[in-house]
Structure formats: structure tokens, C-alpha cells
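Asker: Per the numbering used here, the very first residue in the sequence shown carries number 1; after that it's consecutive.
First the structure, then my questions, so here it is.
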Amino acid sequence: PWVFSLNREWRLYHDSPVPEDGFFLRFEVRPEQGQHMEALNWYFHSLYSQGGVLRMHWGPTFVAVEVETDAYTWAPLPAPARASLLGSFAFDTRDPTTGGPMEVTIEVLEKDGRLTGRWGRFPIALVPAGPAEFMIGFLRQGELFDVAPEMTLRILTAGGVSSGAELRWEGEVFGVGEKVP
Numbered sequence: 001p002w003v004f005s006l007n008r009e010w011r012l013y014h015d016s017p018v019p020e021d022g023f024f025l026r027f028e029v030r031p032e033q034g035q036h037m038e039a040l041n042w043y044f045h046s047l048y049s050q051g052g053v054l055r056m057h058w059g060p061t062f063v064a065v066e067v068e069t070d071a072y073t074w075a076p077l078p079a080p081a082r083a084s085l086l087g088s089f090a091f092d093t094r095d096p097t098t099g100g101p102m103e104v105t106i107e108v109l110e111k112d113g114r115l116t117g118r119w120g121r122f123p124i125a126l127v128p129a130g131p132a133e134f135m136i137g138f139l140r141q142g143e144l145f146d147v148a149p150e151m152t153l154r155i156l157t158a159g160g161v162s163s164g165a166e167l168r169w170e171g172e173v174f175g176v177g178e179k180v181p
């Protein structure tokens with residue numbers, strides 16, 4: 001096996017001496033053989049909701065490294081906080097990724113102390129991202145399996161009850177929703 005090592009000094013030229021005290025991660029890897037690549041390449045060979053397989057590939061030899069991220073937590077909220085956020089919000093806006101029309105009603109519900117909802121007819125989880133702001137989580141058989149951190153729903157309140165909502169893409173508001181019965 002080879003040893004995969006990561007060093008804090010990442011700006012060094014490829015043949016510069018590497019400071020021994022800068023290594024913060026070392027583990028064994030097994031080189032494998034594949035198609036020939038003329039130049040050194042780093043790429044994700046496969047991706048899944050909370051990680052992927054990163055490959056370092058040069059010539060016919062590659063090393064695969066499994067990379068995982070921490071799971072998102074879908075924390076319960078105190079009952080008074082949940083109660084002030086419930087409601088249905090109608091949006092008539094433009095999709096931030098395509099520019100096309102986006103008309104959707106998002107319903108905010110509660111289940112087992114957590115905020116859930118419906119994006120149109122699809123069930124979603126509302127994963128806390130800040131005060132009254134939630135990342136859109138995707139459910140599979142009632143369990144959280146992925147989150148879209150780039151899109152959030154911010155619920156606007158007045159007098160302790162929800163009064164409207166904002167859809168945000170990478171922190172920028174792209175839609176304002178009216179509360180509907």
C-alpha cells in the first residue's frame with residue numbers, strides 16, 4: 001500500500017521539500033490500474049448525497065479516496081417557535097437556475113417536533129439554517145436523505161405568527177410568498 005498524506009503547506013512547488021510538522025492527515029491507500037491519463041488529474045469518480053469517491057490519477061495508476069461529509073441534522077424546534085412558523089405560502093416567481101416561471105405553494109407543517117412541509121405535492125423537511133430560515137431537505141420514506149443548502153425558505157413573522165415567506169438562492173431573495181389559507 002501507499003500512504004496518502006495531506007499537508008497544511010499546500011502552495012509548495014511539486015519538488016519543494018515538505019515541512020514534516022505540516023502533515024495533518026495520513027492513511028494507507030491501494031493503487032489501482034485504469035485507463036492511461038497523460039497529466040496528473042484529481043476528479044470525483046462518483047458522487048452521492050453526503051460524499052463521493054475522489055481519484056488521483058496519473059498514467060495508468062489511480063488512487064481512490066472515499067470522502068464523506070457530516071450528516072445534516074434535522075433538529076426539533078421548541079413548540080412556541082414551531083407554532084409561529086406554520087402556514088401555506090404562495091410564490092409566483094422565476095426559477096433562479098433556469099430563469100423560467102416558478103409557481104408553487106409551500107406548506108409548512110410540524111411532525112414530531114420538527115418542521116416538515118410540502119413543496120407543491122412533494123414532502124420536504126425544513127432543516128434549520130438560521131433564525132426562521134430553513135434549508136430545503138429531501139425525504140425518502142419519511143427520512144431526511146439530502147439537503148439543498150443553496151436554497152432556503154425564510155419565514156416572515158408579525159405578532160408571533162407567520163405573515164409571508166422568502167425563497168432565497170445562495171443568500172439572495174428570488175421570491176416573496178404571500179400567506180394563503
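The C-beta atom is built at its ideal place from N, Cα and C for all residues, glycine as well.
As the structure is a computational prediction, the values presented were derived from the model and not from experiment.
1) At a cut of 8 Å, does the region 90-110 reach the region 44-55 through at least three beta carbon pairs?
2) Within its chain, find whatever has a CB closer than 6 Å to the CB of Tyr72; leave out the 5 residues flanking it on each side and keep chain order.
3) Measure the C-alpha to C-alpha separation of Val173 and Glu166 and round it to an integer number of angstroms.
4) Of the choices Phe27, Ala90 and Asp70, whose alpha-carbon is the least far from that of Gly190?
5) Quick check: what's the CA-CA separation for Ser162 versus Leu85?
6) What is the DSSP secondary structure of Glu20, counted as helix, strand or coil?
7) If you draw a straight line from the alpha carbon of Thr105 to that of Leu77, how long is it in whole angstroms?
8) Assuming Phe27 and Phe4 form a contact by the criterion Cβ under 8 Å, report the distance between their Cβ atoms to the nearest whole angstrom.
9) Taking 8 Å as the cut-off, does the region 48-66 touch the region 28-37 (at least 3 CB pairs, one atom from each stretch)?
10) For a test of the three-state rule: what should DSSP assign to Arg11, helix, strand or coil?
11) Which residue or residues does DSSP assign as beta-bridge partners of Leu57?
12) Would Ala125 and Trp74 be called neighbours here (beta carbons separated by less than 7 Å)?
13) Return the first residue and the last residue of the alpha helix (DSSP H) that Pro80 is part of.
14) Check this for me: beta carbons of Glu103 and Arg118, under 7 Å apart or not?
15) Less than 7 Å between the C-beta atoms of Thr152 and Glu170, yes or no?
16) From which residue to which residue does the beta strand (DSSP E) around Gly177 run?
17) Using a threshold of 7 Å, state whether the C-beta atoms of Gly51 and Thr69 are closer than that.
18) Kindly indicate which residue of Asp112, Pro80 and Leu156 has the alpha-carbon position closest to the one of Glu143.
Answerer: On the basis of the coordinates in this document:
1) no
2) Val127 and Val147
3) 6 Å
4) Missing from the structure shown is residue 190; the chain here goes from 1 to 181 and no further.
5) 5 Å
6) helix
7) 23 Å
8) 6 Å
9) yes
10) coil
11) The question names Leu, but residue 57 is His in the sequence shown. Note: His57 sits in a beta bridge opposite Asn41 and Phe62.
12) yes
13) Ala79 to Ala83
14) no
15) no
16) Glu172 to Val180
17) yes
18) Asp112
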